[in-house]
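Protein chains in written order, with the working numbering: chain A, 1 to 242; chain B, 1 to 258.
Structure (structure tokens):
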């Protein structure tokens, strides 16, 4: 049924474009996108664009996750700092982070590094908030149990707080992979010589909306693949849940 | 019964301070617990039963008086006491074997020999087929048994049980309290058990301590002497003719009005 809906949509799109119900110049059509895709794939620069965006996303996502994890562990460790930082996190969380992208790119530089930093900025605040919330919701009696065994704070962290947060960590990762994509594409819109975001901007500037549409389709496919990867990791890691 | 004192509680009192007021939770508690004895503590809710256990285990410091365990004053969390909670507190992400050895792991005592001992205990208490299972695959009673084994593996000479069966349904509760009472006697453990189930306290304990309303003081101590045929197990104790007598006396002492 889910696949059926997609196929039905594609067929309708194709028919509507062919019969000129809608203007194929503006909305493109599946066959035009497909032809363009083959052409770009043959030229050899499509996989380069994909490679650039995917690697920026993965690097940004990984750095953002590691950094976010470290910061949330720090906040869990120190109640004092958690209280100090709390209002800043709340404000940063409601701020649309891609608004920061232009500044970041000026500060960090208009290359891969700027794009990666903007990916980190978009995803990290939500990561920190979710992870920290999960850490502090660790069952107090379980902490007490480990204390009766004479556990140190570090042992409580590694034996209890981190493993019990794994389900939440994974759902955080699922969210932040999407946010990293937002950061990367925003960055590529602003400055880039390659990447899917670059293709989309280029396509719209030369008014070849087929390119824009192809970029979007490729993005959708890539996010679906990454989501699937996360889901399969989740399934493997969470074999202890019902 | 052995005359060695395992726990000595002298003039113990605790007062909680908040910004607005102070609450005296426990007052003038004096109690000696002897080797291989099971003490049941009952009392109205909020009388400080669980606080008393936390003080004995060293997790909370008393305001007045002191507690000695094996002749040594308690001033930090005990490492030779086993604590059992209302819920089994098994770690969902660890299989049963890894769950029972967590205490050993924390104390750096986990080695092949200890793991073999853990397996033996699991086998002898009917959990041999579940060594590689995860907690969600076990019934409530089995989970509580796993949690007892986790406690026993550390070879505590004192067990502190904080309403250990109250999260179980009634039938399981009867069966598991019988089983655990028998295990405690067999392994020659000394135990202090907080409960609000009078029948459970009578059937499992050698002495039942009644705490009063806040501030909790010891109102009365009953020596439970039941005539049971054969081995004394908690379930058989419930058939003893004195059972009803103790039940009524304790109920009267508790003085509960609703």
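Glycine included, C-beta positions come from ideal geometry on N, C-alpha and C. Because the structure is a prediction, the values reported are computed rather than measured.
Closer than 9 Å by beta-carbon distance: list the chain A residues that pair up with residue i, in chain order.
i                     : result
residue 77 (chain B)  : 147, 148, 149, 150
residue 289 (chain B) : Residue 289 (chain B) is absent from the model: chain B starts at 1 and stops at 258.
residue 221 (chain B) : Simply none; closest approach about 26 Å.
Give the interface partners of residue i over in chain B, defined as CB-CB distance under 8 Å, in chain order.
i                     : result
residue 218 (chain A) : The premise fails here: residue 218 (chain A) is roughly 37 Å from chain B at the closest Cβ pair, so nothing lies under 8 Å.
residue 164 (chain A) : 91, 92, 93
In the DSSP assignment, find the unbroken beta strand (DSSP E) run with residue i in it and report its ends.
i                     : result
residue 9 (chain B)   : 5–17
residue 41 (chain B)  : 38–42
residue 84 (chain B)  : 81–84
residue 86 (chain A)  : Taken as a continuous stretch (DSSP letters only), residue 86 (chain A) belongs to no beta strand (DSSP E), being part of the alpha helix (DSSP H) at 79–94.
residue 48 (chain B)  : It is not in any beta strand (DSSP E) - residue 48 (chain B) carries neither H nor E in the DSSP assignment.
residue 109 (chain A) : Residue 109 (chain A) -> no beta strand (DSSP E), and no H or E assigned at all.
residue 65 (chain B)  : 64–69
residue 259 (chain B) : Residue coverage of chain B in this structure runs from 1 to 258, which leaves residue 259 (chain B) outside it and unanswerable.
Is the separation between the beta-carbon of residue i and that of residue j shorter than 8 Å?
i                     : j                     : result
residue 153 (chain B) : residue 69 (chain B)  : no
residue 71 (chain B)  : residue 13 (chain B)  : no
residue 145 (chain A) : residue 159 (chain A) : no
residue 57 (chain B)  : residue 77 (chain B)  : yes
residue 70 (chain A)  : residue 122 (chain A) : no
residue 195 (chain B) : residue 157 (chain B) : no
residue 130 (chain B) : residue 96 (chain B)  : yes
residue 35 (chain B)  : residue 6 (chain B)   : yes
residue 200 (chain A) : residue 215 (chain A) : yes
residue 172 (chain A) : residue 59 (chain B)  : no
residue 224 (chain B) : residue 245 (chain B) : no
residue 168 (chain B) : residue 49 (chain B)  : no
residue 128 (chain A) : residue 89 (chain A)  : yes
residue 238 (chain B) : residue 175 (chain B) : no
residue 68 (chain A)  : residue 118 (chain A) : no
residue 132 (chain A) : residue 72 (chain A)  : yes
residue 28 (chain A)  : residue 213 (chain A) : yes
residue 63 (chain B)  : residue 15 (chain B)  : yes
residue 75 (chain B)  : residue 107 (chain B) : no
residue 141 (chain A) : residue 85 (chain B)  : yes
residue 46 (chain B)  : residue 209 (chain B) : no
residue 66 (chain A)  : residue 170 (chain A) : no
residue 222 (chain B) : residue 249 (chain B) : yes
residue 160 (chain B) : residue 240 (chain B) : no
residue 98 (chain A)  : residue 126 (chain A) : no
residue 88 (chain B)  : residue 143 (chain B) : yes
On the DSSP letters alone, give me the boundaries of the alpha helix (DSSP H) that residue i sits inside.
i                     : result
residue 224 (chain A) : 209–237
residue 186 (chain A) : 166–190
residue 195 (chain A) : Counting along the chain, residue 195 (chain A) falls outside any alpha helix (DSSP H), and DSSP gives it neither H nor E.
residue 252 (chain B) : 243–254
residue 23 (chain B)  : Element bounds for residue 23 (chain B): not the alpha helix (DSSP H) but the beta strand (DSSP E), 22–34.
residue 14 (chain A)  : 2–18
residue 241 (chain A) : From DSSP, residue 241 (chain A) is part of no alpha helix (DSSP H); its letter is neither H nor E.
residue 147 (chain B) : 140–152
residue 236 (chain B) : 234–237
So residue i contacts chain A; which residues on that side make the cut at Cβ distance below 8 Å?
i                     : result
residue 59 (chain B)  : 144, 147, 148
residue 81 (chain B)  : 148
residue 198 (chain B) : In chain order: nothing, as chain A lies at least about 25 Å away.
residue 131 (chain B) : Residues of chain A passing the Cβ test: none, with the nearest at roughly 14 Å.
residue 115 (chain B) : Going along chain A, no residue has its Cβ under 8 Å from residue 115 (chain B), so there is no contact; the nearest lies around 17 Å.
Starting from the beta carbon of residue i, find every residue of chain B whose beta carbon is closer than 9 Å, and list them in chain order.
i                     : result
residue 241 (chain A) : 92, 93, 134, 136
residue 155 (chain A) : 105, 106
residue 235 (chain A) : The contacting residues do not exist; residue 235 (chain A) stays about 14 Å from chain B at best.
residue 193 (chain A) : Near residue 193 (chain A) there are no residues of chain B at all, since even the closest Cβ is about 45 Å away, more than 9 Å.
Can you pull the chain B residues whose beta carbon is under 7 Å from the beta carbon of residue i, in chain order?
i                     : result
residue 141 (chain A) : 85, 87, 89
residue 83 (chain A)  : Here the premise fails: no neighbours, minimum Cβ distance about 18 Å.
residue 228 (chain A) : What residue 228 (chain A) touches in chain B: nothing, since even the nearest Cβ is about 23 Å away.
Is residue i near the ligand SAH - that is, is its Cβ less than 7 Å away from at least one heavy atom of it?
i                     : result
residue 135 (chain A) : Among the components of this structure there are no ligands whatsoever, and the ligand SAH is therefore not found.
Would the region 196–208 of chain A and the region 132–140 of chain A be scored as touching if the rule is three or more Cβ pairs under 8 Å?
no
Whole alpha helix (DSSP H) elements within the region 183–232 of chain B, 4-residue minimum
198–204
Those runs of the alpha helix (DSSP H) which lie wholly inside the region 22–52 of chain A and span at least 4 residues:
Correct list: 24–27, 30–43.
At least 3 beta-carbon pairs within less than 8 Å: the region 58–67 of chain A vs the region 79–93 of chain A
no
Do the region 21–41 of chain A and the region 147–154 of chain A make contact, defined as three or more Cβ pairs closer than 8 Å?
Too few Cβ pairs lie closer than 8 Å, so no.
May I ask you to verify whether the region 125–137 of chain B touches the region 90–108 of chain B, counting CB pairs closer than 8 Å and requiring at least 3?
A contact is defined here as three or more CB-CB pairs under 8 Å, and the region 125–137 of chain B meets this definition with respect to the region 90–108 of chain B.
When you compare the region 194–206 of chain B with the region 232–239 of chain B, are there three or more beta-carbon pairs, one atom per stretch, that lie closer than 8 Å?
Taking 8 Å as the limit for Cβ pairs, the verdict is that the region 232–239 of chain B does touch the region 194–206 of chain B.
Uninterrupted alpha helix (DSSP H) stretches inside the region 84–128 of chain B (no shorter than 4 residues):
96–100, 102–106, 112–124
Using 8 Å as the threshold, is the region 214–228 of chain B in touch with the region 24–38 of chain B, meaning 3 or more CB pairs across them?
Here the region 214–228 of chain B lies against the region 24–38 of chain B, with 3 or more beta-carbon pairs under 8 Å apart.
May I ask you to verify whether the region 205–217 of chain A touches the region 101–120 of chain B, counting CB pairs closer than 8 Å and requiring at least 3?
Taking 8 Å as the limit for Cβ pairs, the verdict is that the region 101–120 of chain B does not touch the region 205–217 of chain A.
Threshold first: 4 residues or longer. Then list the alpha helix (DSSP H) segments lying entirely within the region 112–159 of chain A, N to C.
112–136, 140–148, 153–156
Assess contact between the region 143–153 of chain B and the region 177–188 of chain B, defined as three or more Cβ pairs (one per stretch) separated by less than 8 Å. Is contact present?
yes
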